[in-house]
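The block underneath contains the structure these notes are about, expressed in structure tokens.
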Amino acid sequence: MQKTPEDGVLLEFRRVGNAVKVSAIDQNTGTEISIVGPYTAGKTELTRTAIQKLKYVMAKNN
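Using the working numbering, read the sequence shown as starting at 5 and increasing by one per residue.
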């Protein structure tokens, strides 16, 4: 798992065939999301997408 500067978000990258599953967990709330993207997508793009989805889910739950 990788810690990002985004306020304590843990990221996990797992390659599954031609895809990458990215899980993002907020350390403060325990909220977890996952996305699946193409293996050819850059790590920066996958990270940005996962963090955006995590922020969306957290805002929706409040």
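Quick reminder that beta carbons are idealized off the backbone N, C-alpha and C, glycines included.
If you look at A45, you'll find it isn't in any alpha helix (DSSP H); DSSP assigns it neither H nor E. Here I37 is not near V13, since their CB atoms are 8 Å or more apart. Beyond the five residues adjoining it in sequence on each side, N65 comes within less than 8 Å, by CB distance, of T35 in the same chain, given in chain order. The Cβ atoms of V26 and L50 lie closer than 8 Å to each other.
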